[in-house]
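Visitor:
Residue numbers (this note's numbering): 1 to 135.
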């Protein structure tokens with residue numbers, strides 16, 4: 001995990017300037033960090049996703065997850081959001097006709113856990129967060 005924002009620093013990184021508040025230290029998984037470092041579109045989507053997350057817009061989540069986030073916002077608890085980098089058309093053969101179906105380039109999740117915020121690619125396991133907490 002790569003720490004991209006440290007709540008304890010007296011001179012916070014640029015990330016603080018984008019939000020009204022932060023939720024603890026912000027960590028990005030090594031995989032997500034390497035993808036964002038090599039692709040400006042992913043980096044922009046990451047910053048926009050964090051901005052939305054910290055302003056209570058949780059992206060592509062189920063109605064159930066949205067309700068849980070609302071409760072956890074009011075009463076304390078972990079939050080969850082899911083975002084993507086953009087759309088592309090996937091050609092699909094439907095009954096002999098080629099159609100374009102929109103699909104996402106890269107899906108990533110943002111979640112809080114024990115006072116910090118974590119960003120992982122959607123297919124990464126959440127136990128990576130717990131490993132970071134141990135170190």
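We put the beta carbon where it would ideally sit given N, CA and C, even for glycine.
What is the residue span of the alpha helix (DSSP H) that residue 49 lies within?
Guide: Reading the chain shown from its first residue, position 49 is the one you call residue 49. Start and end: 40-54.
Visitor: Could you work out which residue in 106, 125, 24 is closest to residue 49 when comparing CA atoms only?
Guide: In the chain shown, counting from the first residue as 1, residue 49 sits at position 49. The shortest C-alpha separation from residue 49 is found at 106.
Visitor: What do you get for residue 21, buried or exposed, if any count of 16 or more other CB atoms within 10 angstroms of its CB means buried?
Guide: Along the chain shown, read from residue 1 onward, the residue named residue 21 stands at position 21. With a pLDDT of only 48 at residue 21, under 50, the local geometry of the prediction cannot be trusted, and no value is derived from it.
Visitor: Mapping DSSP to helix, strand and coil, what is residue 68?
Guide: For the purposes of this step, residue 68 is taken as the residue at position 68 of the chain shown. The answer is helix: DSSP assigns residue 68 an H, G or I state.
Visitor: Check residue 110 in the structure and name its three-state DSSP category.
Guide: Your numbering for residue 110 matches position 110 in the chain shown. Note: residue 110 maps to strand in three-state DSSP.
Visitor: If you draw a straight line from the alpha carbon of residue 27 to that of residue 120, how long is it in whole angstroms?
Guide: Here residue 27 refers to the residue found at position 27 when the chain shown is read from its first residue. Here residue 120 refers to the residue found at position 120 when the chain shown is read from its first residue. Using only the alpha carbons, I get a separation of about 9 Å.
Visitor: Could you pull the start and end residues of the beta strand (DSSP E) that residue 81 belongs to?
Guide: The sequence position of residue 81 within the chain shown is 81, counting from 1. Its beta strand (DSSP E) spans residues 80-84.
Visitor: Under DSSP, the beta strand (DSSP E) around residue 121 begins and ends at which residues?
Guide: For the purposes of this step, residue 121 is taken as residue 121 along the chain shown, with counting starting at 1. Unbroken beta strand (DSSP E) run through residue 121: 116-121.
Visitor: Among 3, 46, 41, 82, which one has its Cα closest to the Cα of residue 122?
Guide: As a first step, residue 122 must be located in the chain shown, where it is residue number 122. The option with the nearest alpha carbon to residue 122 is 82.
Visitor: Give me the Cα-Cα distance between residue 187 and residue 80, rounded to the nearest whole angstrom.
Guide: No information on residue 187 is available, as it lies outside the stretch 1 to 135 that the chain covers here.
Visitor: Would residue 97 and residue 29 qualify as a contact pair, given that the criterion is a beta-carbon distance under 9 Å?
Guide: The residue you call residue 97 lines up with position 97 of the chain shown. The residue you call residue 29 lines up with position 29 of the chain shown. No; because the gap between Cβ atoms is not below 9 Å, this pair is not in contact.
Visitor: Under three-state DSSP, which class holds residue 21?
Guide: Stepping through the chain shown from its first residue, residue 21 is reached at position 21. Reliability fails at residue 21, whose pLDDT of 48 lies under 50, so the model's placement of it is uncertain and no value is given.
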